[in-house]
Amino acid sequence: MNLQRAQKTAMAAFGALGLIWGSNFIFMKWASETITAGQITFLRVACGFLPVLAYALIRRDIKLSHLRHIHHFVVMSVLATSAYFFAFASGTALLPSGIAGALSGAIPLFTFLAAAVLLRSERITALRILGVVAGFAGVLLIARPWNAAGSVDPAGVSFMLLGSASVGLSFVYARKFLVGLSIPAAALTTYQMGLALLTLAVVTDFNGITAIGGDLRALVAMVLGLGLLGTGTAYILYYFIVDRLGAIMASSATYIPPVVALAIGWLLVGEPIDALHGIAVLLILAGVVALRPQKVSSPVPPAATPGSAPGGTDARGPEGHAV
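Numbering-wise (the UniProt record's numbering), the sequence shown opens with residue 1 and increments by one.
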């Protein structure tokens, strides 16, 4: 009975995590109406860092001996937090939230390409080539560069793809330099976010950031939705699911956010979503499925990406993403 209850709790957390990740895009959209992408990034990291730090401290994962690897943590803080969050905030500000969420599904495509080029350890099969083609065909269906009068801002699409490429590179970097260090994932995430917070505190232009205090919806979306819930709590839920259901099952939750984001944008906000957008999401997700390894050896700890979705790669291929 206790085992069944634990399984049900883990599955409930699995569903909640997918919904939280998918909701992050509407939270970013609302926040972008009052503050800049840089300010969104700073507040997201600041609010998300606190629960992650508390979780790592409770688990006693933080060790002074880890500081000798700080150069790796700095790189990860840029690739998987600062640049990644900033690009997604910038892209979401220019796009309908559902479209931005759909494009986030392309992260594993960039992870695979980066691993294939930089690690040269990925098996490049016909199925995987087909998966990459299908995934980027979905991106093209969303961007529709042939439609000059289209409602999708190409700059917004570019930001989303840059963010996807950044976090994709972070997975490969983690796989090459961090996997063998045996540092707990919660600790890696804490160091990464803490360093990102310090950097962002220096480079962010805070002029006008107090404007968010005058918009209750944007304030709640930013602090509670995107920061505490969508970044900090999402990490903790992810670690819980990994413990109870395993890393592969946990990484499967990353298929939910693009669908959730599209549904929220269309059904709740009234964004202009058409049938081609739905087909595009299916193509992206089909491409991601084709890239998954047939067999899984030891997964990489999900230390790279807050928020949405930590994820990583196993020894042979991409596993998930964050939003």
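A virtual CB, placed ideally from N, CA and C, is assigned to each residue, including glycine. Just so it is clear, the structure is predicted and the values come from calculations on it, not from any experiment.
Report the residue from the options whose alpha carbon sits nearest the alpha carbon of residue i.
{"i": "valine 45", "options": "Arg217, Val289, Thr81, Ala218", "result": "Thr81"}
{"i": "phenylalanine 27", "options": "Phe240, Pro154, Ala261", "result": "Ala261"}
{"i": "isoleucine 35", "options": "Ala137, Leu276, Asn207", "result": "Asn207"}
{"i": "proline 258", "options": "Leu94, Arg217, Ala218, Ile99", "result": "Ile99"}
{"i": "lysine 63", "options": "Ala37, Ile279, Ala201, Thr190", "result": "Thr190"}
{"i": "valine 223", "options": "Phe49, Asp243, Ala16", "result": "Phe49"}
{"i": "leucine 57", "options": "Ala187, Phe88, Asn147", "result": "Ala187"}
{"i": "isoleucine 20", "options": "Gln192, Ala165, Gly225", "result": "Gly225"}
{"i": "glycine 101", "options": "His71, Phe25, Ala185", "result": "Phe25"}
{"i": "leucine 216", "options": "Gln4, Lys8, Ala31", "result": "Ala31"}
{"i": "glycine 73", "options": "Ala196, Ser166, Ala54", "result": "It should be pointed out that residue 73 corresponds to phenylalanine in this sequence rather than to glycine. Selected option, being the one with the closest Cα: Ala196."}
{"i": "phenylalanine 112", "options": "Gly22, Ser164, Ala221", "result": "Ser164"}
{"i": "threonine 199", "options": "Gln4, Leu43, Leu237, Arg5", "result": "Leu43"}
{"i": "glycine 105", "options": "Gln4, Met193, Leu181, Ala134", "result": "Ala134"}
{"i": "arginine 59", "options": "Leu161, Ala185, Leu109, Arg144", "result": "Ala185"}
{"i": "glycine 15", "options": "Ser252, Ala114, Val288", "result": "Ser252"}
{"i": "threonine 204", "options": "Gly91, Arg175, Ile40", "result": "Ile40"}
{"i": "alanine 290", "options": "Asp274, Tyr255, Ser90", "result": "Tyr255"}
{"i": "glycine 138", "options": "Ser90, Ala10, Ile107, Ala89", "result": "Ile107"}
The alpha helix (DSSP H) with residue i in it runs from where to where?
{"i": "lysine 176", "result": "154–177"}
{"i": "aspartate 243", "result": "234–245"}
{"i": "proline 258", "result": "256–263"}
{"i": "leucine 229", "result": "It is not in any alpha helix (DSSP H) - leucine 229 carries neither H nor E in the DSSP assignment."}
{"i": "arginine 289", "result": "Checking the displayed sequence, the identity of residue 289 turns out to be valine instead of arginine. From DSSP, the alpha helix (DSSP H) with valine 289 extends over 275–291."}
{"i": "arginine 128", "result": "126–143"}
{"i": "valine 75", "result": "70–77"}
Quick check on DSSP: helix, strand or coil for residue i?
{"i": "isoleucine 35", "result": "coil"}
{"i": "histidine 321", "result": "For histidine 321, the predicted structure reports a pLDDT of 47, less than 50, and the residue's modelled location is therefore unreliable. A value from the coordinates is still provided. Histidine 321: coil per DSSP, three-state reduction."}
{"i": "proline 108", "result": "helix"}
{"i": "threonine 9", "result": "helix"}
{"i": "leucine 95", "result": "coil"}
{"i": "serine 182", "result": "coil"}
{"i": "lysine 63", "result": "coil"}
{"i": "glycine 207", "result": "It is asparagine, not glycine, that sits at residue 207 in the sequence shown. Note: asparagine 207 maps to coil in three-state DSSP."}
{"i": "valine 223", "result": "helix"}
{"i": "glycine 213", "result": "helix"}
{"i": "proline 51", "result": "helix"}
{"i": "residue 393", "result": "Because the chain here runs from 1 to 323, residue 393 falls outside it and cannot be looked at."}
{"i": "glycine 270", "result": "coil"}
{"i": "tryptophan 146", "result": "coil"}
{"i": "arginine 44", "result": "helix"}
Assign residue i to buried or exposed, taking buried as 16 or more other Cβ atoms, counted over all protein chains shown, within 10 Å of its Cβ.
{"i": "threonine 125", "result": "exposed"}
{"i": "glutamate 271", "result": "buried"}
{"i": "arginine 128", "result": "buried"}
{"i": "arginine 68", "result": "exposed"}
{"i": "histidine 277", "result": "buried"}
{"i": "glutamate 122", "result": "buried"}
{"i": "valine 281", "result": "buried"}
{"i": "alanine 304", "result": "With a pLDDT of 40 at alanine 304, under the threshold of 50, the modelled position of this residue cannot be trusted; read the value that follows with caution. Buried: at least 16 other Cβ atoms inside 10 Å."}
{"i": "arginine 120", "result": "exposed"}
{"i": "alanine 12", "result": "exposed"}
{"i": "proline 154", "result": "exposed"}
{"i": "glycine 156", "result": "buried"}
{"i": "arginine 292", "result": "buried"}
{"i": "leucine 268", "result": "exposed"}
{"i": "leucine 219", "result": "buried"}
{"i": "isoleucine 70", "result": "exposed"}
{"i": "glutamine 192", "result": "buried"}
{"i": "leucine 103", "result": "buried"}
{"i": "proline 145", "result": "exposed"}
{"i": "valine 202", "result": "exposed"}
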